[in-house]
Structure formats: structure tokens, C-alpha cells
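Protein sequences appear in the order of chains Z and W. Per my numbering, the very first residue in the first sequence carries number 1; after that it's consecutive. Per my numbering, the very first residue in the second sequence carries number 1; after that it's consecutive. Please read the structure below before turning to the comments.
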Amino acid sequence: MMRRYKTWLMAFLAAVLLLGMGTACGRRGNATLTVGVYSGSYWGTPTGDCYQILDETIARFEAEHPGVNVEYVSGISADAYSEWLAQQILKGTEPDVYFVFPEDFNLLASSGALENLDGPMASDPAFDSAAYYEPCLHTGVFNGSQYALPYESVPTMMFVNKTLLEKCGIAVPDNTWTWEDFYSICAQVTDVEKHQFGVYGYTWLDALNANGAALFSEDGGSCDLAGENVQEAIRFVQRLNELNDGYTVTSKDFDLGGVAFRPFLFSEYRAYQPYPWRVKKYSGFEWDCICMPAGTHGSNTSELRTMLLGVSSRSRNKELAWEFAKLLSFDETTQQKLYAYSHGISPLRDVAEDDQMLSQLRGDIPGGSSFSRDVVSSIMQTAVTAPKFDGYEQALNMAQSAVTQVMTSNDALNSRLLAAQREINIYLSKS
Amino acid sequence: MENEKRLNDIAVVMAVLNLAVILYYCLICVVTTYRLCDSFGAYDFLASVRRLPRYPWLMPAQAVSLYLLLSLLIHGKSRREIYSLRDRLLVCIAEILLCVGVIASLNFYYSGVALLVLADLVHYVQRNRVRLCFMVILIFIFAFSKFEIVSLVSAPVAFSDYLGYYDQFARGFFTGIESILVSGNVLLFVFYMILLFTGERAEKERIRKLNQQLNDANIQLKDYAVKLERMTEIRERNRLAREIHDTLGHTLTGIIMGADAALALFSAAPEESQKRLQIIAQSAREGLTDVRRSIKALRPDALEQRSLAEALEKLVENFRLTTGIEITYEQLAGDLAFAPDEDDTVYRVIQEGMTNAVRHGHATRIEIKLTRQENLLTVDVRDNGLGCEQVEDGFGLRHMKERLALLGGALTCGNRWDTPEDCHRGFFVTANIPVREKEGGLPT
Numbered sequence: 001m002m003r004r005y006k007t008w009l010m011a012f013l014a015a016v017l018l019l020g021m022g023t024a025c026g027r028r029g030n031a032t033l034t035v036g037v038y039s040g041s042y043w044g045t046p047t048g049d050c051y052q053i054l055d056e057t058i059a060r061f062e063a064e065h066p067g068v069n070v071e072y073v074s075g076i077s078a079d080a081y082s083e084w085l086a087q088q089i090l091k092g093t094e095p096d097v098y099f100v101f102p103e104d105f106n107l108l109a110s111s112g113a114l115e116n117l118d119g120p121m122a123s124d125p126a127f128d129s130a131a132y133y134e135p136c137l138h139t140g141v142f143n144g145s146q147y148a149l150p151y152e153s154v155p156t157m158m159f160v161n162k163t164l165l166e167k168c169g170i171a172v173p174d175n176t177w178t179w180e181d182f183y184s185i186c187a188q189v190t191d192v193e194k195h196q197f198g199v200y201g202y203t204w205l206d207a208l209n210a211n212g213a214a215l216f217s218e219d220g221g222s223c224d225l226a227g228e229n230v231q232e233a234i235r236f237v238q239r240l241n242e243l244n245d246g247y248t249v250t251s252k253d254f255d256l257g258g259v260a261f262r263p264f265l266f267s268e269y270r271a272y273q274p275y276p277w278r279v280k281k282y283s284g285f286e287w288d289c290i291c292m293p294a295g296t297h298g299s300n301t302s303e304l305r306t307m308l309l310g311v312s313s314r315s316r317n318k319e320l321a322w323e324f325a326k327l328l329s330f331d332e333t334t335q336q337k338l339y340a341y342s343h344g345i346s347p348l349r350d351v352a353e354d355d356q357m358l359s360q361l362r363g364d365i366p367g368g369s370s371f372s373r374d375v376v377s378s379i380m381q382t383a384v385t386a387p388k389f390d391g392y393e394q395a396l397n398m399a400q401s402a403v404t405q406v407m408t409s410n411d412a413l414n415s416r417l418l419a420a421q422r423e424i425n426i427y428l429s430k431s
Numbered sequence: 001m002e003n004e005k006r007l008n009d010i011a012v013v014m015a016v017l018n019l020a021v022i023l024y025y026c027l028i029c030v031v032t033t034y035r036l037c038d039s040f041g042a043y044d045f046l047a048s049v050r051r052l053p054r055y056p057w058l059m060p061a062q063a064v065s066l067y068l069l070l071s072l073l074i075h076g077k078s079r080r081e082i083y084s085l086r087d088r089l090l091v092c093i094a095e096i097l098l099c100v101g102v103i104a105s106l107n108f109y110y111s112g113v114a115l116l117v118l119a120d121l122v123h124y125v126q127r128n129r130v131r132l133c134f135m136v137i138l139i140f141i142f143a144f145s146k147f148e149i150v151s152l153v154s155a156p157v158a159f160s161d162y163l164g165y166y167d168q169f170a171r172g173f174f175t176g177i178e179s180i181l182v183s184g185n186v187l188l189f190v191f192y193m194i195l196l197f198t199g200e201r202a203e204k205e206r207i208r209k210l211n212q213q214l215n216d217a218n219i220q221l222k223d224y225a226v227k228l229e230r231m232t233e234i235r236e237r238n239r240l241a242r243e244i245h246d247t248l249g250h251t252l253t254g255i256i257m258g259a260d261a262a263l264a265l266f267s268a269a270p271e272e273s274q275k276r277l278q279i280i281a282q283s284a285r286e287g288l289t290d291v292r293r294s295i296k297a298l299r300p301d302a303l304e305q306r307s308l309a310e311a312l313e314k315l316v317e318n319f320r321l322t323t324g325i326e327i328t329y330e331q332l333a334g335d336l337a338f339a340p341d342e343d344d345t346v347y348r349v350i351q352e353g354m355t356n357a358v359r360h361g362h363a364t365r366i367e368i369k370l371t372r373q374e375n376l377l378t379v380d381v382r383d384n385g386l387g388c389e390q391v392e393d394g395f396g397l398r399h400m401k402e403r404l405a406l407l408g409g410a411l412t413c414g415n416r417w418d419t420p421e422d423c424h425r426g427f428f429v430t431a432n433i434p435v436r437e438k439e440g441g442l443p444t
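What follows is the structure, given as C-alpha cells:
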């Protein structure tokens, strides 16, 4: 009786073992790599074939790795992509390699959905992290470790209404302009009677970046809302707003040609400058884009947003996934295609500063442009990225509402900001 | 027996209840996951928990299969008797490991399975120290396998996060079901333990009483045996007296009377006296035949019916069968054709030797060897029993020596090995018998 019992147990264990080995071997024999990708453009600009780069890269990857099949689900719009990805993670069916929006990176890295790439980055001899612009690569860092590779970067630039400036007899400022230039032009342009305004959409956060100030410490441990440079930035935006005599400028005012400046993403510039988009978007005026103005304690710094590529921490083919992510992010051939099919700047130094690429960039834009190798290089190297730590969104919201209150109520700036800063610091120490 | 059945029933209910709890947690987690996805709440959920949820199919697959394996083990263990102590211990440890596996695969939401295993092991394990050890381990598992404690170290998604998806009513409903199931399990466990311990106490009392009865019966039996022995002795004495009186008495009386008559007639009628003496001699011969018949009647039955060789085989076989002792019997003495008194002696020596080995030596193995050199027959009986500190001639040994002395033989006996006290020293008995040629025996 006992012997039969033991035989059954052994048979059961053997069956489990065989099944496990079978599935393991089955997977190894014919590996399938899945990629999570969105359709359309994350930057809100119209694109042609959004899967072109991916398709070509997959073809190259499959040729290099025989027996590997790369698949992706098409048709997930950029708006629905974050939710789709979260659903896949919940269901446990997330792709091996997926694109990570900059605003989702914090969540995905902190929840452990992304694989820590420090290991493969260090051990892969073909990989060199120095090839990237530092701010781009830094976007994919969480708690001191790299969790995603940069794929495509888009800095914030200042749109200039050339027609309006010409009408007022003002020259378009160069790429090294300062707050003082900015303020004086706005003051000259603003005429509430004529419905003419200096700037639309320049927030205290833009001013903060320009003034070399950081709202939060790198690790998210403390907030510096009442800092000298921060207060200066807030005061500068307050001064700009005061020019409008209480009128709130809207995006419609800009579209109609009544506003001189507006911070915009570089991708918009790339998308709408070439014909026929340039006529369609803003028909009433000529426009160009330049660097953001430099604050008194900062430089012409813009905020950089970078599309990232992550490897799933639960991927069964991590090595292949890393290879594929590398082929998308680190390979110059792939990255050069960004200029043909997308509207961002390559995070790779050699691609972004390549003469051919730069001339292609300038060729898109009629009437010449100020984009030289130096400008691109300085924008990309000095750009700042939003910090990443647990509770960042909430802390930023708290700071936003405090600053909005201060700006509208004209209260004593310092004490109100100190109070808010204390509150945020308490929140940060708890989270 | 009835108590045992009731315990078994409670264990079955507990097992079913635990399965229900496990299914409840799995169902909530899986269904909520898919409902979250269907209602486009996945991103918000992920943002609120900030943890990577496990594969939704993993929890039901792991928890249910491990639990079924655990139930199979509990069930199989009670059905089949496992004799090896090591195997029993291994089964218990496997049960505890499976229990931890089930709890871990449920993200530590529920640790009541530990109570089920605890109830089972307390019932199964009889040794107090091992039982206490298992109890401590399982109570520790039950107390510390809580999500709140585990989440300090690792970070699974909390069960309350899944419940957070539902509205207040549904949440209350689910929590209600959960607490009913969980507390039901605890109640059943308490009930089981109470029943188990009261049952055990009653069982101990019953065993004590039975033991007392057995002791009384044993004493009575001993008394009875002594009485029986005495009665047998008296009966045998009477029979011997009768036998002597009937045969020897009768013949001797006839001889005395005949001899007296012959003496009286010797001078007067010598011829008559010679005739009488011839009759006396005839009568004495007949008397001897009678005596021999009487002696024959007192011989062992076995020798009466068969030859010595057959009788010895039978004796050894019977002894082996009745005592279950391992006996090796080597007959190397060739043809066993001896005189009846020699037959008797050989038979008695072997019989007595085996009886002593069991009675005094508690031996488990006996070796018997019969060898013969010329006219010297050697009977050797060896055992692996306790032996004895000092050889004291009991009735049996003395009797053997007397028998051998009559035949001109000798007996040696003693311990086989010189080992320290309380160890098995073994005992041997060697009898040397000078056998006569068949023709030279008693005249037939």
C-alpha cells in the first residue's frame, strides 16, 4: 500500500519536473519578444507612419537574431497608452520592452515594473553611456539606478511671433538673451487696448529653470520653495503678468497673432514649420523659435522631456529585451531615422550634432534657422529634467497651489512660501 | 472511537472552510484585477498601490494546487500507517512547508491554514516533545505570517487595495464574508483542540483501568500455575507409587515367597527346590519386563512414537514455532541409533537447553550441534541470551548432570563471551556422552 503511495508521489513529481522543463525548453527554442508601443506622437504633433522606425528596427533585429520573433500590438493611441500599459502590468502580460512616457517613469520604476539596467549597461562592452547627453540619460534614473534608456528628447523652446516684433520694430533676440531682454520686449509689445501682449504660458516653473533653481533636492528629501532664486523667479513672472493689467492671456490670443512669445515644445516647431503645416497652423504671422531666456542666476536652460525605453522586470527574455532596447536607443542608424519620422532630437551626441542631421533639420525650415551645432549641444547639455521620487506629483501640486495663491493674493511672499515649504517638507518626510 | 470520528468530521469541515477562504481571496484578487482593466482604472490603481502586482493567475494556481497537495498529504497520512519514525517526521515537515507555501502564495493575506495543520499534527504526533516543537512553530507561523508584518520587508499589493475598488456596500459585504470565514476557522480549531484533549484524557483513564485488570489477572494466573504444578506432581507420585506397587511389589513378593519355599525345600527335596528356583528366575525375568514396560510408559511421548532423529527434528520445529526463535540445528553425528536411556538423555539435554535459553537467557537465537567421535557423542546447545553472572545449578541443570552421570558422561556449561554486565553474554551447554554399541545396551 505504502509502496504504491510512494510510486504515485514520485510519478507526480516527475510529471511536474517534465512539464517545467518542457515549457522552459519550448520557450528557449523559439523566443518571442514583445514590444509596447503607442501610435501617433506623444508630443501631440501629427506624424506619418508612426511604426516605421520600429518596423525597420524589428526587421534588422530579427535578421541579427535568427529564431527570435518580435511582436507588438498596434493601434494604441498615445492618450490611452499609459492605461493600456498599466492594464497589461496588472494582468501580467506586459511587453518585454516598452516605451515609457516621462511622466509614467517614476511610477513604473518605483513599483518595480522596470528592470534595473545598471547590470547590462556595465557588462555590455558594446554599450557606452557617455554617448548620450547627460540630461537625457538622467531622465531614466531612479534612486541612483538606470531603469530606462532615452529614446527621443524634446526641449522646451520659446516661440517668437516674428511678424508682431517686426511691426513693433524689434529685432528677434538671439539664443543668449536674458530676462531683462525678455521683459523689455514684453513691455514694449504689450498694449492692452490693441490686444497685444508679451507672453503666453510662461510659468514660474519655466522661470525657475532659467534662474538655475531647483524646487526639490535630487533625492526628494526636501523642498526649497522659499529659496532666493525661486522667489526671484516667482517675482519675475509676477512682473510679467502685471504688464497685462489684469487681463488673462489665452492661447487663442497667441493663435490670432496678438502675443509675442510662447514656450512650446521643440517637436511642435519641427512639426509645424515645414509646408503645408506652417500655413495651416498659424496663417496670420511668421514665427520662429529660440532658446529660453536666461535668468539673473541661470543660463538659457530649457526643460527637457525624454521618451524612454524600459525592459520589463518580469521579462523571460531579458537579454534579448536589452539587446532590442539598445538597438532602438543606442544604435545610430535607428536614431538617425528620428529626424525623418519623428519630431524629437536624438539623445545620442553623435547623431544630434551630426552635420547631415543638422542640415536636414535646417532644410525643413524655410528662411533659415538659428540651429547650429553649438545651439543644439548647449540646449541638450544644460537642459534640466523633472525630478523623480515617490510623491513628486503631490509635492509639486502643493507647491503649485501655494505659488498660485501667493501670486493672486499679493501677500507677503517670503512668509507664505516658508509656510508652504514647511508643509511640503513634512509631506516629503512622510512619503 | 466515536470521539475519533467526530474529530475527523471537524477536520474535514476545517479543510473545506480553508479551501473556501483561499478561493475567496483568489477570486477577489483576480476578478478585481480584470474589472479594474475593464473600467480603465488600471493606471490609477497602479499609481495608488505603487507596487508590482503578481501575475493574476499565479495566486489561484499556486495557492489552490499547494493547498490540494497539503490536503492530500493530511488525508493520505491518516489513511496509511507509516512505521518509520524518520518518515513520519519528514511527512510532518513537508506538511509545515506546504502550509507556509500556501500562505506565501496568498500574499500573506490569510494564515489560518496554519491552524488546520496545527490541529492535524497535534492529533498525529504522539511524542510530547515533538508535538510541542511543532505547536510552537505553527503558532509562530500563524501569528507572524500577516500581511502587515511581511509588507515591512517585501512589498506585495495589500488586499485592502483590491477591496478599495468597490463601493462601500460591496466592501462591507466582502469584509463581512471574510471575517465570518476566518473566525469560523478559528472557532473550529478551538473546538477541535478541546475535543482532542478531553478525548485523550478519557483514553488514558481507560488504559490505566485495563492495565490494572490485566495485572490482577496475571497474579491469579501465576497462583493457578503453582497449584497446577503441585497437583501434577502429586498425581505423578501416586502413579509412580501405583506402578511400583503393582509391578515391582508384586514380582518381588512372589520372588521372596518362592525363595523362602526353595530354602525350606533345599535339603529335603533339592530337585523340587531347583524347580522352584527356576520358577523364581522366570518370575524375576517377567518382573524385569514389567519394570521395563513401566519405564517405557514414563518415557517422553515423542521418543515413544518415533526415532530419536525424527523426535529431535520435531522438538526443534515445535519449539521454533511456539517461541518464534531462530534455531539452527546441525546433526553431524551420523546415524542416531542409541539405547533408549541414551536417547532419553540426548532428548532431555536439548529440550532443557532450549528451555533454559528462552526462560533465563531471553535469547533470540539458538544453535544446536550434534557431533560424534568414535563412541563419544557431543551435544552442544548455544544461545545469544543474557547468560548469567554465576552459574548456579538449578533443578534442570542438576537433573541433566545426574542423567549424564548415569551414562558415564559429563556436562559443561557457562557464558559464551566475557562481556561487561548487562550485555548479552550468551550461554552454552555441552554434554559428552559415551554411547554404547547398540548390541551392548540393555538386553532386549
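No residue lacks a Cβ here, since even glycine has one placed at the ideal position from N, Cα and C. No experiment lies behind these values; they were computed from the predicted model shown.
Does residue i get closer than 8 Å to chain Z when you measure Cβ to Cβ?
{"i": "Q52 (chain W)", "result": "Reading off the sequence shown, one finds Leu at residue 52 (chain W), where the question assumed Gln. Chain Z contact via Cβ: present."}
{"i": "Y43 (chain W)", "result": "yes"}
{"i": "A47 (chain W)", "result": "yes"}
{"i": "C37 (chain W)", "result": "yes"}
{"i": "P156 (chain W)", "result": "no"}
{"i": "F338 (chain W)", "result": "no"}
{"i": "Y55 (chain W)", "result": "yes"}
If you compare alpha carbons, which of the options is closest to residue i?
{"i": "I325 (chain W)", "options": "W:E317, W:L312, W:L332", "result": "W:E317"}
{"i": "P95 (chain Z)", "options": "Z:E103, Z:W84, Z:Q360", "result": "Z:W84"}
{"i": "G224 (chain Z)", "options": "Z:M398, Z:S39, Z:K6, Z:F261", "result": "With the sequence shown as reference, residue 224 (chain Z) is identified as Asp, and Gly is not the correct amino acid for it. The candidate whose alpha carbon is nearest that of D224 (chain Z) is Z:M398."}
{"i": "T412 (chain W)", "options": "W:R436, W:T378, W:E389, W:N384", "result": "W:T378"}
{"i": "F428 (chain W)", "options": "W:R436, W:C388, W:R131", "result": "W:C388"}
{"i": "E166 (chain Z)", "options": "Z:R316, Z:E286, Z:K318", "result": "Z:E286"}
{"i": "F191 (chain W)", "options": "W:L7, W:N384, W:L407, W:E392", "result": "W:L7"}
{"i": "L370 (chain W)", "options": "W:I433, W:K146, W:T323, W:T419", "result": "W:I433"}
{"i": "P135 (chain Z)", "options": "Z:F101, Z:A126, Z:V154", "result": "Z:V154"}
{"i": "L208 (chain Z)", "options": "Z:R270, Z:E303, Z:E332", "result": "Z:E303"}
Return helix, strand or coil for residue i, following the three-state DSSP convention.
{"i": "M292 (chain Z)", "result": "coil"}
{"i": "P263 (chain Z)", "result": "strand"}
{"i": "D246 (chain W)", "result": "helix"}
{"i": "V133 (chain W)", "result": "Note on identity: in this sequence residue 133 (chain W) is Cys, with Val being the wrong assignment. Looking at C133 (chain W) - three-state DSSP - the assignment turns out to be helix."}
{"i": "T176 (chain Z)", "result": "coil"}
{"i": "R496 (chain W)", "result": "This structure cannot speak to residue 496 (chain W), because chain W is shown only from 1 to 444."}
{"i": "V435 (chain W)", "result": "coil"}
{"i": "E326 (chain W)", "result": "strand"}
{"i": "N3 (chain W)", "result": "helix"}
{"i": "I295 (chain W)", "result": "helix"}
{"i": "F12 (chain Z)", "result": "helix"}
{"i": "G441 (chain W)", "result": "Annotation note: pLDDT 40 at G441 (chain W) (below 50); position unreliable, coordinate value reported separately. G441 (chain W): coil per DSSP, three-state reduction."}
{"i": "L336 (chain W)", "result": "coil"}
Is residue i close to chain W? Criterion is C-beta to C-beta, closer than 8 Å.
{"i": "G36 (chain Z)", "result": "no"}
{"i": "E115 (chain Z)", "result": "no"}
{"i": "I89 (chain Z)", "result": "yes"}
{"i": "S342 (chain Z)", "result": "no"}
{"i": "L107 (chain Z)", "result": "yes"}
{"i": "S82 (chain Z)", "result": "yes"}
Just grab the DSSP bridge partners of residue i for me.
{"i": "T306 (chain Z)", "result": "Z:S153"}
{"i": "G414 (chain W)", "result": "W:F428"}
{"i": "N368 (chain W)", "result": "Checking the displayed sequence, the identity of residue 368 (chain W) turns out to be Ile instead of Asn. DSSP, once it has assigned bridges, lists W:Y329, W:V381 as partnering I368 (chain W)."}
{"i": "T32 (chain Z)", "result": "Z:N69"}
{"i": "W84 (chain Z)", "result": "W84 (chain Z) is not bridged to any residue."}
Beta carbon of residue i: closer than 7 Å to some heavy atom of the ligand PLP?
{"i": "M407 (chain Z)", "result": "Because no ligand of any kind appears in the structure shown, any question about the ligand PLP cannot be addressed here."}
* Asked: Could you give the uninterrupted runs of the alpha helix (DSSP H) lying entirely in the segment 63–118 of chain W, keeping only those of 4 residues or more?
  -> Complete alpha helix (DSSP H) runs here, min 4: 85–105.
* **Runs of beta strand (DSSP E) lying entirely within the segment 173–247 of chain Z, each at least 3 residues, in chain order** => For the segment 173–247 of chain Z, whole beta strand (DSSP E) runs of length 3 or above, ordered along the chain, are 197–199.
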